[in-house]
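Asks: Following this message is one structure expressed as structure tokens.
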Amino acid sequence: MKISSIFLFVFLFLSLQGNTQTHSLSNQLYDITTSMNQSVSQNSFQVKGDYFLDKKWTPGDLYLKNINVTGKKVKLRYFVFADEMQILIPNKDTLALKPGKLIDSIFINDQKFIYAPYQSNNQIKDAYFEELTTGKIKLLKKYYSLFIEGNKKNVSGYVTPKPDRYTIRSKYYYQYLKQTAILLPSGKNKIQNLFKDNKTTIEKYLKKNKLKLKREKDLIKIFQYYNSISKL
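Mind the numbering: the sequence shown is residues -20 to -1, 1 to 212 in mature numbering (1 follows the signal peptide of the UniProt record, and there is no 0), read in order.
In structure tokens, the structure reads:
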């Protein structure tokens, strides 16, 4: 499988006059750069496991700034191991979208992905996130590939040998008004402190609805509620 990295250049033949218009993918890909590093295909890995969020190609939507590339003929998948969004083009080549200022968001099924800065130890990095909520404070989900070391059969023979493998895991982040995303703290009180301007209201909402902040669906509810009562 041939995998290349591409940079999306927008080439408009007519003035958009401030309106978002839909164009075919071929009209939006102005050029393909050759100076980018080659991505690595899954076949190159010796360790078994999960490298993709979903290995199947799924019709999706790719949104550029002020432009919508319709998803009917755009097949996408998320290569978590390399934090890479891949697109399948008509000649069956696999291209890796080069994230940058032109890409606004990517939709695969009912999942929305954005590319955003986040805090990693003392560094600021960039990565793809699934956007779980919108508003003043976004709830984001970052997927990653975790290496799990296997075990070998011991002398007594009671341990079943297991090979090394990769598995997909995730962490939650919050992002305040498009600033750098920060790892969501653990603990009810620490999470409630994120909503300090409406803390009392949030506490009542949590208690009334018996929400458990270790459950994703409840996390989403509390962020959605906060954003619905907060002014930007």
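Every residue, glycine too, gets a C-beta built ideally from N, C-alpha and C.
If you draw a straight line from the alpha carbon of THR113 to that of THR140, how long is it in whole angstroms?
Replies: Residue mapping note: residue 113 aligns to position 133 of the sequence shown, counting from 1. Residue mapping note: residue 140 aligns to position 160 of the sequence shown, counting from 1. Distance between the alpha carbons of THR113 and THR140 is about 43 Å.
Asks: State yes or no: is the C-beta of VAL54 within less than 8 Å of the C-beta of PHE32?
Replies: For this step, residue 54 is matched to residue 74 along the sequence shown. For this step, residue 32 is matched to residue 52 along the sequence shown. No, they are not a contact pair.
Asks: Looking only at its chain, what residues have a beta carbon closer than 6 Å to the beta carbon of ILE117, apart from the 5 residues adjacent to it on each side?
Replies: Position 137 of the sequence shown, counting from 1, holds the residue named residue 117. TYR154 and TYR156.
Asks: Using 8 Å for Cβ pairs, my map puts ALA96 next to PHE109. What's the rounded Cβ distance?
Replies: Taking the sequence shown and counting its residues from 1, the one referred to as residue 96 is at position 116. Taking the sequence shown and counting its residues from 1, the one referred to as residue 109 is at position 129. Right, the Cβ-Cβ distance comes to about 6 Å (below 8 Å), so this counts as a contact.
Asks: Run through DSSP, which three-state label would ASP63 get?
Replies: Taking the sequence shown and counting its residues from 1, the one referred to as residue 63 is at position 83. Of the three classes helix, strand and coil, the one that applies to ASP63 here is coil, per DSSP.
Asks: Look at GLY115 and ASN189 and say whether their C-beta atoms are less than 8 Å apart.
Replies: Position 135 of the sequence shown, counted from the start, is the residue given in the question as residue 115. Position 209 of the sequence shown, counted from the start, is the residue given in the question as residue 189. The answer is no: Cβ separation not under 8 Å.
Asks: On the DSSP bridge list, what partners appear for PRO141?
Replies: On the sequence shown, position 161 is the one that residue 141 refers to. None, per the DSSP bridge assignment.
Asks: Could you compute how far the alpha carbon of PRO165 sits from the alpha carbon of ILE171?
Replies: Within the sequence shown, numbered from 1, the residue matching residue 165 stands at position 185. Within the sequence shown, numbered from 1, the residue matching residue 171 stands at position 191. For PRO165 and ILE171, the distance between alpha carbons rounds to 6 Å.
Asks: Counting only runs of 3+ residues fully inside the stretch 93 to 166, write out the beta strand (DSSP E) ranges in chain order.
Replies: The qualifying runs are 103 to 111, 117 to 128 and 145 to 156.
Asks: Checking 8 Å against the spacing of the C-beta atoms, do LYS28 and PRO143 come in under that value?
Replies: Along the sequence shown, one-based indexing puts residue 28 at 48. Along the sequence shown, one-based indexing puts residue 143 at 163. Yes. Within cutoff.
Asks: So is GLY40 buried or exposed if we call it buried at 16+ other beta carbons inside 10 Å?
Replies: Position 60 of the sequence shown, counted from the first residue, corresponds to residue 40. Buried, by the Cβ-count rule.
Asks: Just how far apart, CA to CA, sit ARG145 and LEU42?
Replies: Position 165 of the sequence shown, counted from the start, is the residue given in the question as residue 145. Position 62 of the sequence shown, counted from the start, is the residue given in the question as residue 42. Approximately 31 Å between the Cα atoms of the pair.
Asks: Does the distance from the CB of GLU111 to the CB of LYS92 come in under 8 Å?
Replies: The sequence position of residue 111 within the sequence shown is 131, counting from 1. The sequence position of residue 92 within the sequence shown is 112, counting from 1. In this structure, LYS92 lies closer than 8 Å to GLU111 by Cβ.
Asks: Where TRP37 and ASP177 are concerned, what is the direct C-alpha to C-alpha distance, given to the nearest angstrom?
Replies: In the sequence shown, counting from the first residue as 1, residue 37 sits at position 57. In the sequence shown, counting from the first residue as 1, residue 177 sits at position 197. If you take the alpha carbons of TRP37 and ASP177, they lie about 43 Å apart.
Asks: Between the Cα of ALA76 and those of LYS168, SER85 and ALA62, spot the shortest distance and give me the residue it belongs to.
Replies: Within the sequence shown, numbered from 1, the residue matching residue 76 stands at position 96. The option with the nearest alpha carbon to ALA76 is ALA62.
Asks: DSSP three-state call for HIS3: helix, strand or coil?
Replies: Numbered from 1 along the sequence shown, position 23 holds the residue referred to as residue 3. With a pLDDT of only 47 at HIS3, under 50, the local geometry of the prediction cannot be trusted, and the value read off the model is given with reservation. If DSSP states are grouped into helix, strand and coil, HIS3 belongs with the strands.
Asks: From which residue to which residue does the beta strand (DSSP E) around ILE88 run?
Replies: Locating residue 88 in the sequence shown gives position 108, where the first residue counts as 1. That run of the beta strand (DSSP E) goes 83 to 88.
Asks: Count the other CB atoms, across all protein chains shown, that sit within 10 Å of the CB of PRO70; report buried if there are 16 or more and exposed otherwise.
Replies: Mapped onto the sequence shown, residue 70 falls at position 90. Exposed.
Asks: Can you tell me which residues form a DSSP beta bridge with ASP41?
Replies: Start at 1 with the first residue of the sequence shown, and residue 41 comes out as number 61. Partner(s): PHE87.
Asks: If you draw a straight line from the alpha carbon of GLY130 to that of ILE148, how long is it in whole angstroms?
Replies: On the sequence shown, position 150 is the one that residue 130 refers to. On the sequence shown, position 168 is the one that residue 148 refers to. Taking the straight line from one Cα to the other gives about 16 Å.
Asks: Can you check whether the CB of LEU120 is closer than 8 Å to the CB of ALA161?
Replies: Numbered from 1 along the sequence shown, position 181 holds the residue referred to as residue 161. Numbered from 1 along the sequence shown, position 140 holds the residue referred to as residue 120. Result yes, Cβ atoms of ALA161 and LEU120 sit closer than 8 Å.
Asks: Please go through the same chain and pick out, in chain order, the residues whose beta-carbon is closer than 8 Å to the beta-carbon of ASP106, but skip the five residues on each side of it.
Replies: Within the sequence shown, numbered from 1, the residue matching residue 106 stands at position 126. So the list reads PRO79, TYR95, ALA96, PRO97 and TYR98, once near-sequence residues are dropped.
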